[in-house]
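Residue numbers (the working numbering): 462 to 683.
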């Protein structure tokens with residue numbers, strides 16, 4: 462096989478990998494370096510920041526932008542489950558209307574209102590809407606090897622080792638392939654992390670900044 466054939470094959474493989482990895486979810490997303498502290502120990506403040514008000518788009522604009530995004534790309538089957546306001550962005554959980562199952566996570570730029578898929582677990586671990594949905598040996602059903610209760614325990618053990626004084630909520634949001642769990646300091650939400658439903662790996666969401674407040678949605682969180 463000559464060099465030209467190898468080069469052509471490699472380019473086709475890369476192109477297919479980028480196209481099939483996301484479906485409609487990555488329509489407006491530009492590939493780049495992944496954020497987060499996956500597999501790393503960080504200082505508490507570095508992980509989750511501190512609360513502070515910031516200027517930018519209003520919560521109402523953020524919610525409207527998220528709704529329009531889901532209407533455009535959700536094929537009529539997605540709705541907002543939860544919206545959280547942070548210093549650096551707004552965080553959105555999308556939910557399937559037909560199943561009630563969490564679909565994926567979005568971020569909204571505080572300055573521009575741009576909506577885009579969240580980095581980290583949302584892309585790398587989501588077995589239905591993320592890059593893993595085309596890998597044949599990855600399960601795409603709702604069932605995961607690690608239970609919700611086990612994921613919460615894994616998350617707390619991670620925090621005990623890496624972030625003094627931070628605990629997890631006694632509940633978790635289940636996505637396809639992983640769980641996302643709110644973290645607490647002094648009884649109040651201060652951030653979140655995710656646990657892989659197959660391997661138990663933990664990925665702290667270090668890109669939000671300090672938590673400001675909940676905005677709405679269908680979530681059962683207080």
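Ideal placement from N, C-alpha and C gives every residue a C-beta, glycine not left out.
When C-alpha distances from residue 673 are compared across 662, 576, 661, 645, the shortest belongs to 645. In this structure, DSSP gives residue 549 a state outside helix and strand, which the three-state scheme calls coil. Going by C-alpha positions, residue 520 is about 8 Å away from residue 546.
Per DSSP, residue 669 has no beta bridge partner at all. Following the DSSP letters along the chain, one finds residue 613 inside the alpha helix (DSSP H) bounded by residues 609–623.
Beta-bridge pairing by DSSP links residue 639 to 636, 657. DSSP, reduced to helix, strand and coil, places residue 531 within a helical segment of the structure shown.
For residue 585, DSSP assigns no beta-bridge partner whatsoever. Within the same chain, and ignoring the five residues on either side of residue 531 in sequence, the residues whose Cβ sits closer than 8 Å to its Cβ are 539, 540, 541, 555. Three or more beta-carbon pairs separated by less than 8 Å are not found between the stretch 583–592 and the stretch 612–620, which leaves the two stretches without contact. DSSP lists 550 as the bridge partner or partners of residue 570. Here residue 626 is not bridged, per DSSP, to any residue. If the five residues before and after residue 559 are omitted, its C-beta is found closer than 7 Å to the C-beta atoms of 538, all from its own chain and listed in chain order. When DSSP states are grouped into helix, strand and coil, residue 578 belongs to the strand group.
In the three-state scheme derived from DSSP, where H, G and I count as helix and E and B as strand, residue 516 is classed as coil.
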